[in-house]
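Position in the sequence shown counted from 1, then plus 16, gives you our numbering. By construction, the Cβ of each residue, glycine as well, lies at the ideal position given by its N, Cα and C atoms. Only one structure is covered here, and it is reproduced in the block below.
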Amino acid sequence: MKLIKRTIAVVVALSVIIGCLYGISSAADKYDIYPIAENHSLNGKIIFLDAGHGKGNLNGAGTYLEHEGNLTIALLVKQNLENCGATVIMTRPDETDVDSYERMALVNKTALQEIRKEYVKNLENTSLETQKAKLQENINEIDELIAVMQTVIDDPELSPKYFNSPWAINTRISSELKRIFEYEACQTIQENMLLLSIHANAATGSGYTSVKGTVTYYLNNTFSDNLKYYTDYAFVDQSIAFSQLIQDNVVNAGNFKDRGLAVNNFFMLRECNMPACLLEVAFFTNSSDRAKLQNESYQKRIATGITYAIQEYFEIYGGIDYLMGDINDDGIISNADVIAIARFLVDLIPEPDLMIADFDNDGAVTNSDLLELARIIVNS
């Protein structure tokens, strides 16, 4: 347990408490919180959000268009993640259809820029000339690889020199991309970066309208269609863990059928070397799933579910290790910390409704009220 979980737990508890005080059903759960209150749980983390197909792709059914639905959910997730302190890189920030090559070049370029910072830091902190020379050599090579990815961003027509087709693998990985993958196999990536590609699914064939549910994809080193391309991805275990967290939270948030995890070498998964998954939220060819994909409340619940999954991932792999609830960093959890947490929660209440936290009915919200709020949270 860490402070992230405490923050989530107390915010959920407060939502239930306020709901009861307002006369709202207490059946609300943690996924009904949107947007998530500002906090620091993802400070220093970089999340790549890929909203899949852009405008011009006609995937959809009824009034639902996949490129719009994917972007809507991605932007809601972006707001939540930024509220948690994360830096969010959108591979497609609007309806524009961005080439797959360009999107993955952006991911790899950004990753290399962060890795370069670590090499520069190490260079500044070493006094050994042999180490300095090697580090400078690495920095120079990273700069060259960043330039390669920038070339693809500037002119996607040059991308076949560095990437295989999104639809087929014809050659081994390019020497440039292989070297990028080798640099990406590092602690900086594991502890600070994630890639999530958001899509909606479609079924075909007999009875296709009855197919529904959520599935999340990851790539491993034994997937047969990828064996002739690349088989040394560094973060398979992390990608599986991330995929399961995404799957569980989205299924629960949307009350979708759980179709489990699956392995595939989709372009967005195979063309980088970082913890990554591709989420098919639900089937837009199924009327029940489609209704949820188009419903604002469900869209927000899904976005919050994704946010929780990302927070939970970094609790495991993000190098976060501090005392749960020790707000003032004095090494112990005391009444001062409890009051600080309660004060944070009370500050979330709109001012006209502030007196719902006046538990002793003395006309003011004082420390005694904050302690009572903390007691209610602990017992909830």
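Residue burial annotation: H215 is buried, with at least 16 other C-beta atoms found within 10 angstroms of its C-beta. Contact between G321 and K273 does not hold, since the beta-carbon distance rounds to 15 Å and is not under 8 Å.
Counting along the chain, the unbroken beta strand (DSSP E) around H215 starts and ends at M209 to N217.
Within a 10 Å sphere around the beta-carbon of K125 sit 16 or more other beta-carbons, which makes this residue buried. Looking from the CA of M120, the closest CA among N186, N377, A201 and I162 belongs to I162.
Just so you know, the alpha carbons of T88 and N236 end up roughly 29 Å apart.
Its Cα nearest to that of A356, the residue L386 stands out among G334, F197, E82 and L386. For F283, there is no enclosing beta strand (DSSP E); the residue is part of the alpha helix (DSSP H) that begins and ends at F283 to R286. Rounded to whole angstroms, A269 and N59 show a C-alpha spacing of 24 Å. Distance from the CA of V252 to the CA of P291, rounded to the nearest whole angstrom, comes to 7 Å.
With 16 or more neighbouring CB atoms inside 10 Å of its own CB, E328 falls in the buried class. Looking only at T167, M284, R286 and C293, the smallest Cα-Cα distance to Q263 is reached by C293. Check the Cα spacing between T79 and each of G334, Y314 and F300: the tightest is with F300.
Residues of the same chain with a CB within less than 7 Å of the CB of E54, apart from the 5 flanking positions on each side, are N99 in chain order. The Cβ atoms of A257 and I326 do not sit closer than 8 Å to each other.
V93 is positioned such that its CB atom lies no closer than 8 Å to that of A250.
Membership of F258 in the alpha helix (DSSP H) is indicated by the continuous run V252 to G270. Residue pairing by DSSP places V231 opposite E296 in a beta bridge. Contact check for Y246 against R275 fails: the beta carbons are separated by 8 Å or more. Straight through space, the alpha carbons of T142 and P109 are spaced by roughly 40 Å. Going by C-alpha positions, V231 is about 40 Å away from K137. Of the candidates N311, Q315 and M209, the residue whose Cα lies closest to the Cα of I131 is M209. For L122 against T107, the beta-carbon gap comes to about 6 Å, under 8 Å, which counts as contact.
A distance below 8 Å separates the beta carbons of N289 and E200.
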